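**Student:** Let me begin by handing over the structure; questions about it come next.
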Amino acid sequence: MSTSELTELLDKPNNEVEEALNNLKATIKRRKDCALQLTNVSGRWIFEVRPNLSQYLPEKFKADIPQRLLPAAALIAYHQPMSQAQLVDMLGQRAYDHVRDLSNRGLIDRRRDGLTRRLTTTRRFAEYFGCPEVEFRKVRTWFREEASKMGLNSAQLAASLAPDEQMIISEFSESDSTEEELQNTD
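Residue numbers for the sequence shown follow numbering that gives the first Met the number 0, beginning at 0 and rising by one.
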């Protein structure tokens, strides 16, 4: 839940709720034997199993990502940081819904960048897909290496993950994402 949702639900001032959440997060973090952690992901507070323990969870407790979101997730991971406008160019208008859904699940971060949003993966994304790295540039490198092992470029990878429908995805030109843009996202 977002802080504003909790504020409304609890009928408490926003700063009081924010302070209580940060105190609870710190208290839980200090406990060595606690299996849960409180995390703020893209503006939403969630309780989750600590990453080092998630491998011990039964499969039925692991969150499923709808297959319709996988192409967008793959493209973001492959090209991050990428603008939402570039994703829309590749996937069409449905990209807006996919970005919102992926963000609500805590898998991507979307930050305002002029008239568009800058999209990157989160720690939760890395954990879900078994990436040994969490920093988005390292996730991008890992993701590209995995795709390369399968002999796929980003568009082919995304199309292979699409649900039964035929999906036409245009390849994103790396020259569209300059090194200067990458530097500005630090």
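The C-beta atom is built at its ideal place from N, Cα and C for all residues, glycine as well. Here the structure is a predicted model, which means the values were calculated and not measured.
Between which two residues does the beta strand (DSSP E) harbouring Phe46 extend?
**Tutor:** Note, Phe46: beta strand (DSSP E), 43-48.
**Student:** By how many angstroms is the C-alpha of Val133 removed from the C-alpha of Thr38?
**Tutor:** Whole-angstrom Cα-Cα distance: 15 angstroms.
**Student:** Alpha carbon to alpha carbon, how far is Thr26 from Glu144? Give it in angstroms, no decimals.
**Tutor:** For Glu144 and Thr26, the distance between alpha carbons rounds to 39 angstroms.
**Student:** Which residues in the same chain have their Cβ closer than 6 angstroms to the Cβ of Leu35, if we skip the five residues on either side of it in sequence?
**Tutor:** Closer than 6 angstroms at Cβ, skipping near neighbours: Phe46.
**Student:** If we ignore side chains and look at the alpha-carbon of each, how far apart do Asp88 and Val98 end up?
**Tutor:** Approximately 13 angstroms, taken between the alpha carbons.
**Student:** For the beta strand (DSSP E) that Thr121 lies in, which residues bound it at each end?
**Tutor:** It is not in any beta strand (DSSP E) - Thr121 carries neither H nor E in the DSSP assignment.
**Student:** For Glu4 and Asn14, what's the separation of their Cα atoms in angstroms?
**Tutor:** Going by the C-alpha atoms only, they are around 13 angstroms apart.
**Student:** Restricting to Cα atoms, I'd like to know which of Leu106, Trp141, Glu17, Ala72 is closest to Arg123.
**Tutor:** For Arg123, the nearest C-alpha among the options comes from Leu106.
**Student:** Along the chain, where does the beta strand (DSSP E) containing Gln107 start, and where does it finish?
**Tutor:** Here residue 107 is Ile; the residue named in the question, Gln, does not match the sequence. Looking at the DSSP string, the run of the beta strand (DSSP E) that includes Ile107 is 107-112.
**Student:** When you compare the CB positions of Ser82 and Arg49, do they come within less than 8 angstroms of one another, or not?
**Tutor:** No.
**Student:** Could you tell me which residues DSSP pairs with Met0 in its beta bridges?
**Tutor:** For Met0, which the question treats as bridged, DSSP gives no partner whatsoever.
**Student:** Taking just the CA atoms, how far does Trp141 sit from Ser153?
**Tutor:** For Ser153 and Trp141, the distance between alpha carbons rounds to 13 angstroms.
**Student:** Look at the alpha carbon of Phe135 and the alpha carbon of Tyr127, and state the distance between them as a whole number of angstroms.
**Tutor:** Going from the Cα of Phe135 to the Cα of Tyr127 covers about 14 angstroms.
**Student:** What separation, rounded to the nearest whole angstrom, lies between the Cα atoms of Ala158 and Ala94?
**Tutor:** Approximately 14 angstroms between the Cα atoms of the pair.
**Student:** Can you tell me whether Leu160 is helix, strand or coil according to DSSP?
**Tutor:** In this structure, Leu160 counts as helix in the three-state DSSP scheme.
**Student:** Looking at the unbroken alpha helix (DSSP H) that takes in Val16, where does it start and where does it end?
**Tutor:** Per DSSP, Val16 belongs to the alpha helix (DSSP H) from 13-29.
**Student:** Asn103: which of Asp10, Arg110, Arg43 sits nearest, CA to CA?
**Tutor:** Nearest option by C-alpha distance: Arg43.
**Student:** Beta-carbon separation of Leu86 and Ile75 under 8 angstroms?
**Tutor:** Going by C-beta atoms, Leu86 is nearer than 8 angstroms to Ile75.
**Student:** Please report the straight-line C-alpha distance between Pro70 and Thr120, rounded to a whole angstrom.
**Tutor:** The straight-line gap from Cα to Cα measures roughly 14 angstroms.
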